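Numbering (UniProt numbering), first residue to last: 1 to 259.
Taking it in order: structure first as structure tokens, then the write-up.
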């Protein structure tokens, strides 16, 4: 009898251990601290337009930063009047980022986010490099520096557009996708883009980036990029559609969401 009870006890213990082994992965990867899902929840805040994640906020800031240096770089290309292809690319940069700058400032104000009002250190370095360049070196650096930057933003736009739960961020991603793709095509049309260097750079790039920003107070009207004069020729490409969200407070508002 003792042997029977002892054997039964061992079987029960073995079954319990097996059950725990099966349940452990479900507990360890569901919502435990440090997992991607837990990080997503911890970095998300609720807004009228849906949950706003840390990645969403990072994207909004990066769109603003892109315009703060790519717009001036385009204006410089127009003023230097190099080859026709480089000058045309510069005009697209000015037009496109003037549009996106207005859009991102509107979105950030609605979401209560602070925005930078000057390029970061790396972007300022690129502008200094272009300013110091002359001749063919300028055209080559213009095409490659800006093409590499747009390629990184383009990949980020796709990721955010696919995953965001915030309607304002989704709309901004749509506009950014149209604008950035146009700029990529124009830069490649200059004939100066080194695709081998782009591929090598992507293969050796660090998978991590700077920490995402934290939402702050409504921006205090950062200075936008200056659009082309009203009497200048119309852009040679169609700008993305204007923001579809009505400004009239009487218009229906999206349903409130929480993370």
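The beta carbon of each residue, even a glycine, is placed where N, CA and C say it ideally should be.
Bear in mind the structure is a predicted one, so any value in this text is a computation, not a measurement.
Rounded C-alpha distance that separates residue i from residue j
{"i": "residue 102", "j": "residue 72", "result": "15 Å"}
{"i": "residue 112", "j": "residue 83", "result": "42 Å"}
{"i": "residue 93", "j": "residue 106", "result": "20 Å"}
{"i": "residue 191", "j": "residue 168", "result": "36 Å"}
{"i": "residue 203", "j": "residue 196", "result": "11 Å"}
{"i": "residue 88", "j": "residue 166", "result": "34 Å"}
{"i": "residue 170", "j": "residue 55", "result": "12 Å"}
{"i": "residue 81", "j": "residue 187", "result": "15 Å"}
{"i": "residue 194", "j": "residue 110", "result": "40 Å"}
Classification of residue i by the beta-carbon crowding that lies within 10 angstroms, buried from 16 upward
{"i": "residue 118", "result": "exposed"}
{"i": "residue 182", "result": "buried"}
{"i": "residue 178", "result": "buried"}
{"i": "residue 143", "result": "buried"}
{"i": "residue 164", "result": "buried"}
First through last residue of the alpha helix (DSSP H) which encompasses residue i
{"i": "residue 91", "result": "84–111"}
{"i": "residue 126", "result": "121–132"}
{"i": "residue 68", "result": "54–80"}
{"i": "residue 170", "result": "167–188"}
{"i": "residue 154", "result": "135–163"}
{"i": "residue 195", "result": "195–204"}
Same chain, Cβ closer than 6 Å to residue i, five either side skipped, listed in chain order
{"i": "residue 133", "result": "141"}
{"i": "residue 145", "result": "126"}
{"i": "residue 90", "result": "74, 77 and 78"}
{"i": "residue 173", "result": "157, 160 and 161"}
{"i": "residue 150", "result": "180, 183 and 184"}
{"i": "residue 69", "result": "119, 123 and 127"}
Inter-residue CB distance, residue i and residue j (contact presumed, cutoff 8 Å)
{"i": "residue 60", "j": "residue 108", "result": "6 Å"}
{"i": "residue 104", "j": "residue 153", "result": "12 Å between Cβ atoms; not a contact."}
{"i": "residue 67", "j": "residue 100", "result": "6 Å"}
Contact set for residue i: own chain, Cβ-Cβ below 7 Å, skip 5 residues either direction
{"i": "residue 148", "result": "198 and 201"}
8 Å Cβ shell around residue i - same chain, five flanking residues per side excluded
{"i": "residue 216", "result": "Bear in mind that the predicted position of residue 216 carries a pLDDT of just 46, short of 50, making it unreliable; the figure below should be weighed with that in mind. Excluding positions up to five away in sequence, the list reads 112, 113 and 114."}
{"i": "residue 65", "result": "116, 119, 120 and 123"}
{"i": "residue 130", "result": "73, 76, 138, 141, 142 and 145"}
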